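Okay, structure first, notes after.
Numbering (our numbering), first residue to last: 864 to 948.
Below is the structure:
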């Protein structure tokens, strides 16, 4: 199945029951395996895109945690430096 407004480049192949989402861009020589759903530009497996979208929602929390870890590392460095002096 191929959705609307899909761009398909040369020498592409969509195997049996492969699905390509609307406005998807399939680059040259790309193969859509049987039974898989691809989405986006360039075309990627939908399961990968869903995981990436879920990760985007976690970025603010991850950024905060990273900053806290950086601060903790700096504090530990300062502690070690003062112990050596």
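Cβ coordinates follow ideal geometry from the N, Cα and C atoms, glycine included.
These numbers were taken from a predicted model, which means no experiment stands behind them.
Residues sharing a beta bridge with residue 881, DSSP: Partner(s): none; residue 881 has no beta bridge.
Quick check: residue 878 and residue 897, are their CB atoms within less than 7 angstroms of each other? yes
Residue 895 versus residue 914 - alpha carbon distance: 19 angstroms
What three-state label does DSSP hand residue 862 in the structure shown? Any property of residue 862 remains undetermined from this structure, which presents the chain solely from 864 to 948.
In three-state DSSP terms, what is residue 892? coil
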